[in-house]
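> Okay, here's the structure, questions in a sec.
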Amino acid sequence: MIWGSDYAFPISYHRAMLEDTQRIELYKKAIESTVQDKVVIDVGAGTGILSLYAVQAGAKKIYALEKDFETYNFIHGLVQKSTIVGKTIEFINTSSFDFSIEPFDIPQVLISELIGAVGPEEGIVEAFFDLKTKNPSLASFIPHTIDICCDIFYSDFVENEFQNNYTIYSRNLPYFKNEETLFGDMYAQKFLFHNFMEETAVSDQQILKTYSLGIDQISDFKVEIKVPEHANTIAVFFKAYLDVNNTVTLTNCPGSSLHWLTPYLRKPYKKERVTIEYRSKNKFFFVHWD
Ligand SMILES: C[S@@+](CC[C@H](N)C(=O)[O-])C[C@H]1O[C@@H](n2cnc3c(N)ncnc32)[C@H](O)[C@@H]1O
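First residue of the sequence shown: 12, per the working numbering; consecutive thereafter.
The following block contains the structure:
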């Protein structure tokens, strides 16, 4: 007997996104002001929540693209039975990269929440560029721009977490004793996640990279950041601009309450600059400290 299966609708993954009321409300606001009487493509439709908002906001037709078969299979069945959405949403099991639209339907609006915790990891830059190239009629993008930002500060939480981790490793593995520097170097190579609700200290925010969606072709980036002596934390996060006036902004900056949390790196001893490189081909972040 099989007790579980990866081939099932991912309940907790979509639950986290549905529970994130800030995310939902911001998308709803941007969709309401954009889609009336328009033909819309929703890339990575998932549960169909953004498509549903487009229906409620008076969209003419929505192509809801979902590449995961189990998600498609479950939600498509529900959408078909629903009298709320009627025939306005067409749920399609496809990757956006394999999708071409009926020639008589000219899509005008592209909506999506393919946003990773740092920003580009879910492929929004490449997906929007591909769809815009195939459908030049697309004129509105939600979001239209994503900034990758960083914030540099000192955090007691980060230091305590590091010390707790080191204590557990060195208590259980004798060869870790007196190797705190080595442990710190390894620790600094990986993004960790926290909401930084407790942070009140002065911070130093910078934009590392800006993506114009539908225009930029590839999300690869490489940046070098100088980290001052007094800081121990580099938080790296996104700001997604959802409406044309830039009044609706979604961000997982330190202190925000989105489900993504804020990715951060802890500065190792005696290091003063970090290079962060993102390689879209394998969705990989390469972190190097000097
Ligand atoms: C972050 S979830 C967003 C779900 C939903 N739009 C929402 O806002 O709650 C992303 C979904 O997009 C799907 N997906 C990712 N890349 C895709 C692509 N290029 N084409 C179609 N679906 C994609 C994933 O399988 C996943 O279900």
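From the three backbone atoms N, C-alpha and C, an ideal C-beta is built for every residue, glycine too.
Can you have a look at Tyr38 and say buried or exposed, based on whether 16 or more other CB atoms are within 10 angstroms of its CB?
Looking at its Cβ environment, which holds 16 or more other Cβ atoms inside 10 Å, Tyr38 is buried.
> Can you tell me the Cα-Cα spacing of Leu184 and Asp53, whole angstroms?
50 Å
> Buried or exposed: where does Glu283 fall if 16 or more other Cβ atoms within 10 Å of its Cβ makes it buried?
exposed
> Nearest to Ile73 by CA position, among Lys49, Asp79, Glu81, is which residue?
The shortest C-alpha separation from Ile73 is found at Lys49.
> List the endpoints of the continuous beta strand (DSSP E) containing Ile122.
120–123
> Considering only DSSP beta bridges, list what Thr156 is partnered with.
Ser223, Tyr252
> Spell out the partners DSSP gives Phe164 in its beta bridges.
Its beta-bridge partners are Thr244.
> Let's see if you can read the secondary structure: which residues bound the alpha helix (DSSP H) around Phe140?
135–145
> The beta strand (DSSP E) spanning Tyr275 covers which residue range?
273–277
> Looking at Tyr252 and Pro147, is the spacing between their C-beta atoms short of 8 Å?
no
> Flag Glu124 as yes when its Cβ comes closer than 7 Å to any non-hydrogen atom of ligand 1, and as no otherwise.
Correct: Glu124 has its Cβ closer than 7 Å to ligand 1.
> Quick check on the DSSP output: the beta strand (DSSP E) that includes Leu76 runs from which residue to which?
Run containing Leu76: 72–77, per the beta strand (DSSP E) assignment.
> Taking buried to mean at least 16 other C-beta atoms within 10 Å of its own C-beta, is Lys278 buried or exposed?
buried
> Between the Cα of Ile100 and those of Ser107, Cys160, Gly69, spot the shortest distance and give me the residue it belongs to.
Gly69
> Is the CB-CB distance between Asp215 and Phe164 below 8 Å?
Contact flag set, yes.
> According to DSSP, is Phe108 helix, strand or coil?
helix
> For Lys92, which of helix, strand or coil comes out of DSSP?
In this structure, Lys92 counts as helix in the three-state DSSP scheme.
> Per the DSSP calculation, Lys233 is bridged to which residue(s)?
Glu288
> So Glu190 and Gly266 are in contact, right, with Cβ under 8 Å, and what is the actual spacing, rounded?
Not quite, the Cβ-Cβ distance comes to about 34 Å (not below 8 Å), so this is no contact.
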